[in-house]
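Written below as C-alpha coordinates is the structure these notes are about.
Residue numbers (full-length UniProt numbering): 1 to 251.
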(Lines of atoms letter the chains of each structure in order from A and count residues from 1; the text may use other names and numbers.)
(Lines give C-alpha, C1' and ligand atoms only; values in the text may rest on other atoms or scores of the structure.)
Protein backbone atom coordinates (compact mmCIF):
# COMPACT_ATOMS: atom_id res chain seq x y z
CA UNK A 1 0.00 0.00 0.00
CA UNK A 2 1.56 3.30 -1.06
CA UNK A 3 2.06 6.08 1.47
CA UNK A 4 -0.24 9.10 1.07
CA UNK A 5 1.87 12.17 0.44
CA UNK A 6 0.96 15.09 2.66
CA UNK A 7 1.16 18.57 1.19
CA UNK A 8 3.65 21.01 2.70
CA UNK A 9 2.07 23.34 5.27
CA UNK A 10 4.86 25.67 6.33
CA UNK A 11 6.48 28.25 4.09
CA UNK A 12 10.22 28.59 4.35
CA UNK A 13 13.09 26.23 5.05
CA UNK A 14 15.90 26.39 7.57
CA UNK A 15 18.64 28.49 5.99
CA UNK A 16 21.18 28.57 8.82
CA UNK A 17 22.40 25.99 11.34
CA UNK A 18 22.34 28.69 14.02
CA UNK A 19 19.33 28.96 16.30
CA UNK A 20 17.46 26.31 14.37
CA UNK A 21 14.59 26.12 16.85
CA UNK A 22 13.96 29.86 16.42
CA UNK A 23 13.89 29.48 12.64
CA UNK A 24 11.47 26.55 12.83
CA UNK A 25 9.18 28.28 15.36
CA UNK A 26 9.13 31.43 13.18
CA UNK A 27 8.02 29.43 10.16
CA UNK A 28 5.32 27.57 12.08
CA UNK A 29 4.10 30.83 13.66
CA UNK A 30 3.81 32.37 10.18
CA UNK A 31 1.63 29.45 9.08
CA UNK A 32 -0.56 29.85 12.17
CA UNK A 33 -0.96 33.62 11.76
CA UNK A 34 -1.64 33.32 8.02
CA UNK A 35 -4.44 30.85 8.74
CA UNK A 36 -2.83 27.78 7.15
CA UNK A 37 -3.67 26.05 10.42
CA UNK A 38 -6.93 27.10 12.11
CA UNK A 39 -7.35 27.56 15.89
CA UNK A 40 -7.95 24.18 17.48
CA UNK A 41 -6.47 22.26 14.55
CA UNK A 42 -3.71 19.74 15.26
CA UNK A 43 -0.19 20.48 14.09
CA UNK A 44 1.77 17.76 12.30
CA UNK A 45 3.54 15.30 14.62
CA UNK A 46 6.93 16.30 16.01
CA UNK A 47 8.72 13.81 13.75
CA UNK A 48 6.99 15.16 10.64
CA UNK A 49 7.93 18.73 11.54
CA UNK A 50 11.55 17.64 12.01
CA UNK A 51 11.55 15.91 8.64
CA UNK A 52 9.95 18.81 6.78
CA UNK A 53 12.52 21.29 8.08
CA UNK A 54 15.45 18.88 7.94
CA UNK A 55 16.19 19.18 11.68
CA UNK A 56 16.37 16.79 14.60
CA UNK A 57 13.41 15.88 16.81
CA UNK A 58 14.86 17.84 19.80
CA UNK A 59 14.97 20.97 17.60
CA UNK A 60 11.35 20.45 16.53
CA UNK A 61 10.39 19.85 20.18
CA UNK A 62 12.10 23.09 21.27
CA UNK A 63 10.32 25.03 18.50
CA UNK A 64 6.95 23.75 19.75
CA UNK A 65 7.92 24.68 23.32
CA UNK A 66 8.68 28.24 22.19
CA UNK A 67 5.30 28.47 20.46
CA UNK A 68 3.57 27.15 23.58
CA UNK A 69 5.30 29.78 25.73
CA UNK A 70 4.17 32.46 23.26
CA UNK A 71 0.57 31.29 23.57
CA UNK A 72 0.25 30.21 19.94
CA UNK A 73 0.11 26.48 20.61
CA UNK A 74 -1.27 24.21 23.33
CA UNK A 75 0.49 20.97 24.18
CA UNK A 76 -0.36 18.13 26.56
CA UNK A 77 1.68 15.11 27.50
CA UNK A 78 1.12 12.33 24.99
CA UNK A 79 -1.12 14.43 22.74
CA UNK A 80 -0.55 16.40 19.54
CA UNK A 81 0.06 20.13 19.67
CA UNK A 82 -2.88 22.28 18.62
CA UNK A 83 -3.07 25.82 17.31
CA UNK A 84 -4.55 28.56 19.51
CA UNK A 85 -6.34 31.72 18.46
CA UNK A 86 -4.07 34.75 18.75
CA UNK A 87 -4.90 36.67 21.93
CA UNK A 88 -3.40 39.00 24.51
CA UNK A 89 -3.18 36.27 27.15
CA UNK A 90 0.66 36.07 27.26
CA UNK A 91 0.97 39.85 27.73
CA UNK A 92 -1.79 39.80 30.32
CA UNK A 93 0.19 37.33 32.42
CA UNK A 94 3.29 39.52 32.27
CA UNK A 95 1.38 42.66 33.23
CA UNK A 96 -0.32 40.70 36.00
CA UNK A 97 3.06 40.08 37.59
CA UNK A 98 4.30 43.60 36.94
CA UNK A 99 1.47 45.77 38.17
CA UNK A 100 0.94 46.29 41.90
CA UNK A 101 -1.45 48.51 43.88
CA UNK A 102 1.01 51.36 44.47
CA UNK A 103 0.54 54.95 43.42
CA UNK A 104 3.57 54.62 41.10
CA UNK A 105 2.17 51.61 39.27
CA UNK A 106 -1.27 53.22 39.02
CA UNK A 107 0.20 56.36 37.47
CA UNK A 108 2.32 54.35 35.03
CA UNK A 109 -0.65 52.18 34.05
CA UNK A 110 -2.85 55.22 33.45
CA UNK A 111 -0.09 56.91 31.47
CA UNK A 112 0.37 53.87 29.22
CA UNK A 113 -3.35 53.42 28.65
CA UNK A 114 -3.81 57.14 27.93
CA UNK A 115 -1.12 57.06 25.25
CA UNK A 116 -2.65 53.96 23.66
CA UNK A 117 -6.33 54.77 23.92
CA UNK A 118 -6.20 58.30 22.56
CA UNK A 119 -5.11 56.82 19.24
CA UNK A 120 -7.50 53.90 19.56
CA UNK A 121 -10.48 56.18 20.18
CA UNK A 122 -9.67 58.30 17.11
CA UNK A 123 -9.30 55.24 14.89
CA UNK A 124 -12.48 53.71 16.32
CA UNK A 125 -14.39 56.88 15.43
CA UNK A 126 -13.04 56.65 11.88
CA UNK A 127 -13.79 52.94 11.42
CA UNK A 128 -16.90 52.31 13.61
CA UNK A 129 -16.93 48.54 13.33
CA UNK A 130 -20.48 47.36 14.09
CA UNK A 131 -19.48 44.49 16.41
CA UNK A 132 -17.28 46.78 18.45
CA UNK A 133 -20.00 49.40 18.79
CA UNK A 134 -22.46 46.73 19.89
CA UNK A 135 -20.06 45.51 22.60
CA UNK A 136 -19.51 49.07 23.84
CA UNK A 137 -23.25 49.70 23.95
CA UNK A 138 -23.90 46.52 25.92
CA UNK A 139 -21.03 47.28 28.30
CA UNK A 140 -22.51 50.72 28.99
CA UNK A 141 -25.85 49.15 29.89
CA UNK A 142 -24.05 46.73 32.22
CA UNK A 143 -22.16 49.59 33.85
CA UNK A 144 -25.46 51.34 34.57
CA UNK A 145 -26.93 48.20 36.11
CA UNK A 146 -23.86 47.43 38.25
CA UNK A 147 -23.41 50.79 39.97
CA UNK A 148 -22.05 50.18 43.45
CA UNK A 149 -20.85 46.66 42.64
CA UNK A 150 -17.04 46.84 42.09
CA UNK A 151 -16.63 43.38 40.58
CA UNK A 152 -19.47 43.57 38.07
CA UNK A 153 -18.67 47.19 37.23
CA UNK A 154 -15.04 46.28 36.58
CA UNK A 155 -16.04 43.51 34.18
CA UNK A 156 -18.32 45.89 32.27
CA UNK A 157 -15.58 48.53 32.19
CA UNK A 158 -13.11 46.03 30.71
CA UNK A 159 -15.62 45.00 28.04
CA UNK A 160 -16.21 48.65 27.13
CA UNK A 161 -12.54 49.28 26.42
CA UNK A 162 -12.22 45.98 24.56
CA UNK A 163 -15.23 47.02 22.47
CA UNK A 164 -13.52 50.31 21.67
CA UNK A 165 -10.47 48.38 20.44
CA UNK A 166 -12.72 46.11 18.35
CA UNK A 167 -14.41 49.16 16.84
CA UNK A 168 -11.11 50.00 15.12
CA UNK A 169 -11.42 46.78 13.11
CA UNK A 170 -7.73 46.13 13.86
CA UNK A 171 -7.04 42.68 15.35
CA UNK A 172 -3.59 43.70 16.62
CA UNK A 173 -5.13 46.53 18.64
CA UNK A 174 -7.72 44.13 20.05
CA UNK A 175 -4.97 41.75 21.14
CA UNK A 176 -3.05 44.59 22.77
CA UNK A 177 -6.07 45.64 24.84
CA UNK A 178 -6.73 42.01 25.81
CA UNK A 179 -3.19 42.00 27.13
CA UNK A 180 -4.02 44.86 29.49
CA UNK A 181 -6.82 43.01 31.30
CA UNK A 182 -4.80 42.51 34.49
CA UNK A 183 -3.99 46.20 34.64
CA UNK A 184 -7.57 47.22 33.87
CA UNK A 185 -8.91 44.85 36.53
CA UNK A 186 -6.59 46.07 39.26
CA UNK A 187 -6.97 49.76 38.45
CA UNK A 188 -10.78 49.58 38.18
CA UNK A 189 -11.15 47.57 41.39
CA UNK A 190 -8.88 49.91 43.37
CA UNK A 191 -10.64 53.01 42.08
CA UNK A 192 -14.07 51.49 42.71
CA UNK A 193 -13.37 50.59 46.35
CA UNK A 194 -11.63 53.81 47.47
CA UNK A 195 -13.18 55.54 50.46
CA UNK A 196 -14.22 58.64 48.48
CA UNK A 197 -16.20 56.63 45.93
CA UNK A 198 -19.77 57.93 46.11
CA UNK A 199 -22.76 56.90 44.01
CA UNK A 200 -22.50 60.23 42.17
CA UNK A 201 -18.89 59.42 41.39
CA UNK A 202 -19.95 56.04 39.95
CA UNK A 203 -22.47 57.83 37.75
CA UNK A 204 -19.89 60.36 36.55
CA UNK A 205 -17.66 57.47 35.50
CA UNK A 206 -20.48 55.99 33.45
CA UNK A 207 -21.21 59.42 31.96
CA UNK A 208 -17.59 59.76 30.80
CA UNK A 209 -17.81 56.37 29.09
CA UNK A 210 -21.12 57.41 27.54
CA UNK A 211 -19.46 60.53 26.13
CA UNK A 212 -16.66 58.45 24.63
CA UNK A 213 -19.17 56.10 23.03
CA UNK A 214 -21.25 58.93 21.58
CA UNK A 215 -18.18 60.56 20.00
CA UNK A 216 -17.08 57.27 18.44
CA UNK A 217 -20.59 56.36 17.28
CA UNK A 218 -20.93 59.81 15.71
CA UNK A 219 -17.67 59.31 13.80
CA UNK A 220 -15.91 62.30 15.40
CA UNK A 221 -12.23 61.39 15.98
CA UNK A 222 -11.29 64.69 17.65
CA UNK A 223 -14.20 64.51 20.09
CA UNK A 224 -13.35 60.87 20.84
CA UNK A 225 -9.76 61.83 21.68
CA UNK A 226 -10.95 64.73 23.87
CA UNK A 227 -13.34 62.46 25.78
CA UNK A 228 -10.63 59.87 26.40
CA UNK A 229 -8.26 62.54 27.72
CA UNK A 230 -10.98 63.83 30.05
CA UNK A 231 -11.55 60.27 31.27
CA UNK A 232 -7.89 59.81 32.16
CA UNK A 233 -7.67 63.21 33.82
CA UNK A 234 -10.38 61.96 36.17
CA UNK A 235 -8.37 58.75 36.67
CA UNK A 236 -5.36 60.82 37.73
CA UNK A 237 -7.50 62.50 40.38
CA UNK A 238 -8.67 59.10 41.57
CA UNK A 239 -5.03 57.98 41.82
CA UNK A 240 -4.33 60.82 44.24
CA UNK A 241 -7.35 59.80 46.33
CA UNK A 242 -6.11 56.21 46.41
CA UNK A 243 -2.69 57.46 47.59
CA UNK A 244 -4.36 59.46 50.38
CA UNK A 245 -6.31 56.35 51.39
CA UNK A 246 -3.08 54.37 51.65
CA UNK A 247 -1.58 57.05 53.90
CA UNK A 248 -4.65 57.11 56.11
CA UNK A 249 -5.70 60.52 54.85
CA UNK A 250 -2.46 62.22 55.91
CA UNK A 251 -0.95 64.70 53.45
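We put the CB at the ideal spot given by N, CA and C, even for glycine.
8 Å contact criterion, which residue 60 and residue 24 should meet: CB distance rounded: 6 Å
What did DSSP end up calling residue 73 once you bin it into helix, strand or coil? strand
What separation, rounded to the nearest whole angstrom, lies between the Cα atoms of residue 139 and residue 154? Using only the alpha carbons, I get a separation of about 10 Å.
Own chain partners of residue 74 with C-beta closer than 6 Å, once the 5 adjacent residues on each side are dropped: 82, 84
What are the residues that DSSP puts in a beta bridge with residue 83? 73
In whole angstroms, what is the alpha-carbon distance linking residue 91 and residue 201? Between the alpha carbons of residue 91 and residue 201 lies a gap of roughly 31 Å.
Paired residues, beta bridge with residue 42 - DSSP: Answer is 82, bridged to residue 42.
Should residue 184 go down as buried or exposed, given a rule of 16 or more other Cβ atoms within 10 Å for buried? buried
For residue 116, which residues in the same chain have their Cβ closer than 6 Å to its Cβ, ignoring the five residues on either side in sequence? Here the set comprises nothing.
What whole-angstrom Cβ distance do residue 191 and residue 136 have, given they're in contact under 8 Å? Not really, about 20 Å apart at Cβ, beyond 8 Å.
So what does DSSP say about residue 193, is it helix, strand or coil? Of the three classes helix, strand and coil, the one that applies to residue 193 here is coil, per DSSP.
Measuring alpha carbon to alpha carbon, tell me which of 120, 66, 235 ends up nearest residue 187. 235
Given a threshold of 16 other Cβ atoms within 10 Å of its Cβ, counted over all protein chains shown, does residue 79 qualify as buried or as exposed? The residue is exposed, with fewer than 16 neighbouring Cβ atoms inside 10 Å.
Look at residue 133 and residue 163 and say whether their C-beta atoms are less than 9 Å apart. At the C-beta level, residue 133 and residue 163 come within 9 Å of one another.
What first and last residue would you give for the alpha helix (DSSP H) that runs through residue 168? Careful: residue 168 lies outside any alpha helix (DSSP H) and carries neither H nor E.
Between the stretch 214-233 and the stretch 175-184, do at least 3 Cβ pairs fall closer than 8 Å? Taking a cut-off of 8 Å for Cβ pairs, the stretch 214-233 and the stretch 175-184 do not touch, as fewer than three such pairs fall below it.
Between residue 63 and residue 49, is the Cβ-Cβ spacing less than 9 Å? yes
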